[in-house]
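Since the structure comes first, as structure tokens, the remarks are kept for the end.
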Amino acid sequence: MSDLGAIVFPSRVRRAAAAARAVLRTALDLALPPLCAACREPVDGKGLCPACWSKLSFITRPYCERLGIPFVYDPGPGILSMEAIADPPAYNRARAAVRFDEISRALVHALKYGDRLDLAPMMGRWISQAGRELLAEADALVPVPLHWRRLWARRFNQSAVLAATISADSGVPVAAAALKRVKPTAQQVGLSRPERATNVQGAFRVPDKAKAAVAGSRLVLIDDVLTSGATVDGCARALLRAGAANVDVLIFARVADPGRTSI
Ligand SMILES: [Zn+2]
Numbered sequence: 001m002s003d004l005g006a007i008v009f010p011s012r013v014r015r016a017a018a019a020a021r022a023v024l025r026t027a028l029d030l031a032l033p034p035l036c037a038a039c040r041e042p043v044d045g046k047g048l049c050p051a052c053w054s055k056l057s058f059i060t061r062p063y064c065e066r067l068g069i070p071f072v073y074d075p076g077p078g079i080l081s082m083e084a085i086a087d088p089p090a091y092n093r094a095r096a097a098v099r100f101d102e103i104s105r106a107l108v109h110a111l112k113y114g115d116r117l118d119l120a121p122m123m124g125r126w127i128s129q130a131g132r133e134l135l136a137e138a139d140a141l142v143p144v145p146l147h148w149r150r151l152w153a154r155r156f157n158q159s160a161v162l163a164a165t166i167s168a169d170s171g172v173p174v175a176a177a178a179l180k181r182v183k184p185t186a187q188q189v190g191l192s193r194p195e196r197a198t199n200v201q202g203a204f205r206v207p208d209k210a211k212a213a214v215a216g217s218r219l220v221l222i223d224d225v226l227t228s229g230a231t232v233d234g235c236a237r238a239l240l241r242a243g244a245a246n247v248d249v250l251i252f253a254r255v256a257d258p259g260r261t262s263i
């Protein structure tokens, strides 16, 4: 009985603490107007003030059908970027909602480090719109996993949070257990393109118990930011090795130098 008490008691304390935090947060929400995630000015609605909203750069066609990199002019249907031809990724297609710039960086940071989970439905909706074609053909969404140590430190995986809202919008289920990060990789920030690829080599694996579900499936990887694409490429390689029929990529923001068109 005392053993059971020892097990039960800490979880009761945790629950009480969580409840107290929730009450406090609700009280703060009532007392303070919501702030713009980018400039921290109070806003009427949620997320962004009108000025920051107008600066957001949504990615629309024309773009490279493979990588989703926006073109500066329309080269005609089905034309791929030079990047896609010279260095084709393991994944099939990538789409992003917005360009990675000052405003989208602020949104990503607010979601990732600032605990602005309230931004996720808005960001997820934009991703769902950008990836409509990909989602229509998908069997499941696979959030890019964090290593358990980072997950423990951050308490949540921002890609999984976005995947949950995209799933709610699109009806495509989330297969969070399809992929595991088995190597605690260094942060990609500050690494060159080849260093990024080496950094994620062997970092992702499909667990044995997920292999049957992955085989033959059309999957869409979900992540917050795409820089060199090395992370999602590493994920796609692992899923394809396990027999996935197709792997596409959906991200919130991508670093997008205007794509040079092929000749
Ligand atoms: Zn603002």
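Residues in the sequence shown are numbered consecutively from 1, following the numbering used here.
Where a beta carbon is used, it is the ideal one built from N, C-alpha and C, also for glycine.
Since the structure is predicted, the reported quantities are computational estimates derived from the model, not experimental observations.
What number of angstroms, rounded off, separates the C-alpha of Ile263 from the C-alpha of Gly78?
Since pLDDT at Ile263 reaches only 38, below the 50 mark, its modelled position is unreliable, and no value is offered.
Can you list the residues near ligand 1, meaning Cβ strictly closer than 6 Å to any non-hydrogen atom, in the order they appear in the chain?
Cys36, Ala38, Cys39, Glu41, Leu48, Cys49, Ala51, Cys52
Distance, Cα to Cα, Pro70 vs Ala177?
32 Å
Taking Cβ positions, are Val172 and Ala120 nearer each other than 7 Å?
no
Considering only C-alpha positions, which residue in the set Val232, Ser167, Ala213, Cys49 is nearest to Arg181?
Val232
Report the partner residues of Asp248 according to the DSSP bridge assignment.
Val220
State buried or exposed for Arg196, treating a residue as buried only when at least 16 other CB atoms are found within 10 Å of its CB.
Answer is buried; the Cβ neighbour count reaches 16.
State the CB to CB distance for the pair Val174 and Ala212, rounded to an integer number of angstroms; the pair is presumed to be in contact (CB under 8 Å).
That pair is no contact at about 17 Å.
Trp126: buried (16+ other C-beta within 10 angstroms of its C-beta) or exposed?
buried
Thinking Arg254 and Ala138 are a contact (beta carbons under 8 Å), I'd like their distance in whole angstroms, please.
The Cβ separation is near 19 Å, so there is no contact.
How should Gly114 be labelled, buried or exposed, when 16 other C-beta atoms within 10 angstroms of its C-beta is the threshold for buried?
exposed
Is the beta carbon of Ala96 closer than 7 Å to that of Ile222?
no
Between Val220 and Val98, which are expected to be in contact by the criterion C-beta below 8 Å, what is the C-beta distance as a whole number of angstroms?
18 Å between Cβ atoms; not a contact.
Rounded to the nearest angstrom, what separates Asp248 and Asp224 at their Cα positions?
14 Å
Using 8 Å for Cβ pairs, my map puts Gly229 next to Pro89. What's the rounded Cβ distance?
6 Å
Tell me, to the nearest whole angstrom, how far the beta carbon of Leu179 is from that of Pro145; I am working on the premise that it is less than 8 Å.
Sure, about 5 Å apart at Cβ, within 8 Å.
Using the rule of at least 16 other Cβ atoms within 10 Å of the residue's Cβ for burial, across every protein chain shown, is Tyr73 buried or exposed?
Exposed, by the Cβ-count rule.
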